[in-house]
Amino acid sequence: GSSQQHLLHWLYSFLVSWERATRHLRFNMYKIALFMACVCAAAAQRFGPDENYAPIPYAFNYLSQLLDGGHSHEEQGDGNGRVTGRYTLTDADGRSRTVTYTADENGFRAQVDTNEQGTESKNPADVVFQSSALPGPGAAIANEPNRFRGGAPPEAYDGSG
Numbered sequence: 001g002s003s004q005q006h007l008l009h010w011l012y013s014f015l016v017s018w019e020r021a022t023r024h025l026r027f028n029m030y031k032i033a034l035f036m037a038c039v040c041a042a043a044a045q046r047f048g049p050d051e052n053y054a055p056i057p058y059a060f061n062y063l064s065q066l067l068d069g070g071h072s073h074e075e076q077g078d079g080n081g082r083v084t085g086r087y088t089l090t091d092a093d094g095r096s097r098t099v100t101y102t103a104d105e106n107g108f109r110a111q112v113d114t115n116e117q118g119t120e121s122k123n124p125a126d127v128v129f130q131s132s133a134l135p136g137p138g139a140a141i142a143n144e145p146n147r148f149r150g151g152a153p154p155e156a157y158d159g160s161g
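Taking full-length UniProt numbering, I'd label the letters of the sequence shown as residues 1 to 161.
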């Protein structure tokens, strides 16, 4: 009997002290959880959505002329995501390409105007491509003066290696 009473008393004491210890831990866990919730709420307020600002329209342009050609670019934006612009590339031999574009709620659209040899008027991928280049043999004949510009023509290949 006495050892059973001693064992029951020890078990009862252990359970009471365990309950006290875990009550303290549970209380601390609640305090930690409450503190973390406050930190998260404060962070959400601090890093919330930005204030709404009025759209800021913009515009820019530049022109660069070099001995062997040049390029220019101009663009305007309304501050709400709608953009229009144009850029042009020119070579000293008269070749040029101008791309006019619009980007807005309907997507990106471009038109290319060029006189570059080997191009023709087509509309690939919803891009209007306007070519004023001569087609076929006429292009080769018209471009002959520029063919070997800047150096001697290559020597013929005789197949000997």
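We treat Cβ as the ideally placed atom computed from N, Cα and C, and that holds for glycine.
Between the CA atoms of residue j and residue i - distance to the nearest angstrom
{"i": "residue 162", "j": "glutamate 116", "result": "The question about residue 162 has no answer here: the residues shown for the chain are numbered 1 through 161."}
{"i": "threonine 119", "j": "glycine 79", "result": "35 angstroms"}
{"i": "alanine 92", "j": "leucine 66", "result": "9 angstroms"}
{"i": "threonine 100", "j": "alanine 37", "result": "54 angstroms"}
{"i": "serine 64", "j": "glutamine 111", "result": "22 angstroms"}
{"i": "alanine 133", "j": "arginine 86", "result": "20 angstroms"}
{"i": "glutamate 105", "j": "glycine 138", "result": "42 angstroms"}
{"i": "alanine 59", "j": "leucine 89", "result": "20 angstroms"}
{"i": "serine 13", "j": "alanine 42", "result": "44 angstroms"}
{"i": "threonine 98", "j": "threonine 114", "result": "6 angstroms"}
The ligand SAH heavy atom lying under 6 angstroms from the CB of residue i
{"i": "alanine 37", "result": "The ligand SAH is absent from the structure shown, which contains no ligands of any kind."}
Residue i (DSSP reduced to helix, strand or coil)
{"i": "alanine 11", "result": "Position check: residue 11 holds leucine in this sequence, whereas alanine was assumed. Note: leucine 11 maps to helix in three-state DSSP."}
{"i": "serine 64", "result": "strand"}
{"i": "valine 127", "result": "coil"}
{"i": "glycine 70", "result": "strand"}
{"i": "proline 137", "result": "helix"}
{"i": "glutamine 5", "result": "helix"}
Those residues which DSSP pairs with residue i across a bridge
{"i": "alanine 59", "result": "Gln76"}
{"i": "lysine 122", "result": "Phe129"}
Residue i - containing beta strand (DSSP E), residue span
{"i": "glycine 85", "result": "83-91"}
{"i": "alanine 103", "result": "96-104"}
{"i": "residue 167", "result": "No statement about residue 167 is possible, as the shown extent of the chain runs from 1 to 161 and does not include it."}
Chain B within 7 angstroms of residue i, Cβ atoms only
{"i": "phenylalanine 60", "result": "No chain B appears in this structure, which consists of one protein chain only."}
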